[in-house]
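Going down the list, the sequences are from chains A and B.
Converting from the first sequence to this note's numbering requires adding 11 to each position, the first position being numbered 1.
Converting from the second sequence to this note's numbering requires adding 1161 to each position, the first position being numbered 1.
The structure appears right after this line, and notes come after that.
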Amino acid sequence: MGKKTPLFEKHESLGAKIVDFGGWDMPIHYGSQIEEHHAVRRDAGVFDVSHMTVVELHGADALPYLGRLLANDIGRVKNPGQAMYSAMLNETGGVLDDLIVYATGDPYLVVVNCATREKDLAWMRRVAEAYRCEVVERPEFAILAIQGPEAIGKVKSILGTEQAALIEGLKAFQGGWCDGWFIARTGYTGEKGLEIILPEDQAESFWDSLLEAGVRPIGLGARDTLRLEAGMNLYGNDMDESVTPLESNMESTVFLEGRDFIGADALRKQTNHDELVGLVMAGKGILRAHYPVFSEGTPVGEITSGAFSPTLEKSIALARVSATSSNMTVEIRGKMQAVECVTPPFVRNGKQVYKQVYNL
Amino acid sequence: MADFPTELRYLKSHEWAKQDGDLIVVGISDHAQDALGDVVYVELPEVGAECQAGDEIAVVESVKAASDIYAPLGGTVVEVNAKLEDSPELVNEAPYADGWFFKIKASDPAAVESLLSAEQYQALCEAEEH
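What follows is the structure in structure tokens.
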């Protein structure tokens, strides 16, 4: 018996298949993972992601603390409530977790992964000892992600005037508080949408209103194929403490110049490194994690995440490799299968967007 | 609740087998398709392939995982379900009908009787769930 979100009974009553996910009993799908995937790409879906960990940073030194804690530069964030995606590194540059910080002032709001919760909190508190900054977990919140081309419109139609007005004023990747809810235009699908942090005792009635408005419930299975199509990393699959963000297609979130964050020195010394690239297979079959990847017949690395892409109707993958070429193959059950090497993302706003690459 | 047709025989690895004259039709059970989730690819054997009982002869890939399919009996593959190439979802929609995988000309068709009965197989699935 795992931990349960405030919406567990809703999932059960909808006939969800429940699986263990980092110690939580979570819905993997409600019937068909592929139909749920399409619902998000074409219309609107809601994910219960209340298993994720919400943390507040209180105190006068929260800003310099974040400057030390994170590879991305919080100093570059100018708009109130703007979201910043970053890796949190150890001293050797290994990725402890990836997270989102919302620049909400005092307190700052941070959302970290559930599987890494204890490790993250211990690390964040240890680093905070040198700063006037307190790390406070807020487990009493539910988190819902509503994603898809019709998601924002459907959410606005069921909220009160003030919350709807807040949404109206938000730019992409920005959030704000209203009536005890934190509403942000962020997500993990490559579609337009919202992530809403709300008091857990209001989660059930909001969930019911969303379903009545025609928003489909989406399980964690489709969440994984949506994020993979969107070229977004999954912690524990595509990166962990053994690799740096430079090896994880996260260069654009690392700001080294004039910075002294934990792990920065290790990244400065890392001149030659592997790259996380995208793979697309035109032939039949499914690319899966840990399958070996070859360039010109030579082993160059392995797949970190692979799946059937319901949008592209073929298999796609992320792979960490030391070289690429126009002659890439993946070994599937002893047979070599041709793949194209591409730059993620694969899909954005319902459309194919990847480009081929031949040489790193 | 999964369906366990009594006229079929089963393997503990979740294949079903049906005797049709001297041919054995093979697919995967309703319980198996439900556990796998949406099927997205089936790698079928070659027509003419020889197999022994227990050989890994096909692969079913779902959104969740790749799973081996074992030959229930020894013999020769005489036909495969070509519809699965473009419509692997038939395995989810009709696991005991349009979602069949392949047919074997069994060297000993009577051996199908030694496979699990629906009752035995259902008991095994229920034990797995608890």
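Cβ coordinates follow ideal geometry from the N, Cα and C atoms, glycine included.
Keep in mind the model is a prediction, meaning the values are calculated, not measured.
Residue from the options with nearest C-alpha to residue i
| i | options | result |
| --- | --- | --- |
| valine 254(A) | Gly104(A), Asp84(A) and Glu20(A) | Gly104(A) |
| aspartate 1183(B) | Asp1247(B), Ala1163(B), Ile1218(B) and Thr1237(B) | Thr1237(B) |
| lysine 1264(B) | Ala1243(B), Val1221(B) and Ser1174(B) | Ala1243(B) |
| threonine 315(A) | Gly242(A), Asn360(A), Asp276(A) and Gly294(A) | Gly242(A) |
| tryptophan 134(A) | Val66(A), Asn83(A) and Leu155(A) | Val66(A) |
| asparagine 83(A) | Leu155(A), Asp117(A) and Ser97(A) | Ser97(A) |
| glutamate 215(A) | Gly13(A), Met12(A), Lys15(A) and Glu20(A) | Glu20(A) |
| alanine 1163(B) | Leu1172(B), Leu1169(B), Glu1274(B) and Asp1191(B) | Asp1191(B) |
| histidine 22(A) | Leu77(A), Ser61(A), Lys89(A) and Ala126(A) | Ser61(A) |
| methionine 63(A) | Ala153(A), Leu81(A) and Gly92(A) | Ala153(A) |
| leucine 329(A) | Gly296(A), Ser259(A) and Ser24(A) | Ser259(A) |
| valine 226(A) | Asn283(A), Gln281(A) and Gln158(A) | Gln158(A) |
| glutamate 408(A) | Pro160(A), Ala162(A) and Phe193(A) | Residue numbering for chain A in the displayed model covers 12 to 371; residue 408(A) lies beyond these limits and cannot be assessed. |
| proline 228(A) | Gly191(A), Gly26(A) and Lys14(A) | Gly26(A) |
| methionine 99(A) | Gln93(A), Ser168(A), Phe319(A) and Leu81(A) | Leu81(A) |
| lysine 165(A) | Gly361(A), Gly92(A), Val51(A) and Arg344(A) | Val51(A) |
| serine 306(A) | Cys352(A), Ala224(A), Cys189(A) and Arg196(A) | Cys352(A) |
| aspartate 1181(B) | Lys1173(B), Leu1172(B) and Glu1168(B) | Glu1168(B) |
| serine 220(A) | Glu47(A), Met12(A), Gly56(A) and Gly33(A) | Gly56(A) |
| glycine 312(A) | Val341(A), Val291(A) and Lys295(A) | Val341(A) |
| asparagine 338(A) | Arg344(A), Arg359(A), Pro321(A) and Thr309(A) | Thr309(A) |
| glycine 1188(B) | Ala1258(B), Gln1283(B) and Ala1267(B) | Ala1258(B) |
| histidine 69(A) | Gly116(A), Lys28(A), Arg53(A) and Gly78(A) | Gly116(A) |
| alanine 139(A) | Val368(A), Phe272(A) and Ile343(A) | Phe272(A) |
| lysine 28(A) | Glu1246(B), Gln1283(B), Ala1196(B) and Glu1289(B) | Ala1196(B) |
| leucine 323(A) | Gly317(A), Arg344(A) and Phe357(A) | Phe357(A) |
Per-residue burial, residue i [other beta carbons within 10 Å of its own, 16 or more giving buried]
| i | result |
| --- | --- |
| glutamine 363(A) | exposed |
| alanine 233(A) | buried |
| arginine 235(A) | Reading off the sequence, residue 235(A) comes out as aspartate, not arginine. Per the 10 Å Cβ criterion, buried. |
| lysine 182(A) | exposed |
| leucine 249(A) | Rather than leucine, the amino acid found at residue 249(A) in this sequence is aspartate. Aspartate 249(A) comes out buried. |
| asparagine 244(A) | buried |
| proline 17(A) | buried |
| tyrosine 199(A) | buried |
| aspartate 131(A) | buried |
| alanine 156(A) | buried |
| lysine 1225(B) | buried |
| serine 1275(B) | exposed |
| glycine 274(A) | buried |
| alanine 349(A) | exposed |
| serine 168(A) | exposed |
| glutamine 93(A) | buried |
| threonine 282(A) | exposed |
| glutamate 1254(B) | exposed |
| valine 147(A) | exposed |
| glutamate 151(A) | exposed |
| tyrosine 369(A) | exposed |
| alanine 1219(B) | buried |
| serine 320(A) | buried |
| serine 1223(B) | buried |
Under 7 Å from the C-beta of residue i: neighbouring residues of chain B
| i | result |
| --- | --- |
| threonine 315(A) | The premise fails here: threonine 315(A) is roughly 16 Å from chain B at the closest Cβ pair, so nothing lies under 7 Å. |
| serine 43(A) | Asp1199 |
heavy atom of the ligand COA below 7 Å from residue i C-beta
| i | result |
| --- | --- |
| valine 341(A) | Among the ligands in the structure shown, none appear at all, so the ligand COA cannot be discussed. |
Within chain B, partners of residue i - CB distance below 9 Å
| i | result |
| --- | --- |
| isoleucine 327(A) | Result: empty, since nearest Cβ-Cβ is about 12 Å, beyond 9 Å. |
| histidine 40(A) | Gly1198, Asp1199 and Val1224 |
| threonine 236(A) | Val1224 |
| asparagine 232(A) | Note on identity: in this sequence residue 232(A) is glycine, with asparagine being the wrong assignment. Gly1198, Asp1199, Val1224 and Lys1225, listed in chain order. |
7 Å Cβ cut-off: residues of chain A touching residue i
| i | result |
| --- | --- |
| proline 1243(B) | Sequence inspection shows alanine at residue 1243(B); the proline mentioned does not correspond to that position. The contacting residues do not exist; alanine 1243(B) stays about 13 Å from chain A at best. |
| alanine 1227(B) | Ile297 and Arg299 |
Residue i: contacting residues in chain B (beta-carbon distance under 8 Å)
| i | result |
| --- | --- |
| phenylalanine 319(A) | Val1201, Tyr1202, Glu1222 and Val1224 |
| arginine 227(A) | Those do not exist, as arginine 227(A) stays about 15 Å from chain B at its closest Cβ, beyond 8 Å. |
Amino acids of chain A, ordered along the chain, whose beta-carbon sits closer than 8 Å to that of residue i
| i | result |
| --- | --- |
| alanine 1214(B) | Under the 8 Å cutoff, chain A gives no residues; its nearest Cβ is about 21 Å from alanine 1214(B). |
Residue i: contacting residues in chain C (beta-carbon distance under 7 Å)
| i | result |
| --- | --- |
| arginine 149(A) | Of the protein chains in this structure, namely A and B, none is chain C. |
Pairs of beta-carbons, one from the region 26–40 of chain A and one from the region 98–116 of chain A, closer than 8 Å: are there three or more? no
At which residue ranges does the region 186–244 of chain A contain complete beta strand (DSSP E) runs of 3 or more residues, listed in the order of the chain? 186–189, 192–195 and 204–210
Using a Cβ distance threshold of 8 Å, determine whether the region 1229–1244 of chain B contacts the region 1205–1215 of chain B, with at least three qualifying pairs required. yes
Mind pulling the alpha helix (DSSP H) runs of 4 or more residues that sit fully within the region 29–94 of chain A? 44–53 and 73–80
Decide yes or no for the touch test of the region 254–269 of chain A against the region 72–92 of chain A: beta carbon pairs closer than 8 Å, at least 3 of them. yes
Which parts of the region 123–188 of chain A are runs of the alpha helix (DSSP H), unbroken and 4 residues or longer, counting only runs that do not cross its ends? 128–139, 162–169 and 172–180
Within 8 Å, do at least three Cβ pairs link the region 292–310 of chain A to the region 323–337 of chain A? yes
Length-filtered (3 minimum) beta strand (DSSP E) runs lying within the region 1166–1252 of chain B: 1176–1181, 1184–1189, 1200–1204, 1217–1223, 1227–1231 and 1236–1241
In chain order, each beta strand (DSSP E) run of at least 3 residues that lies wholly inside the region 260–332 of chain A: 286–292, 303–306, 309–320 and 325–332
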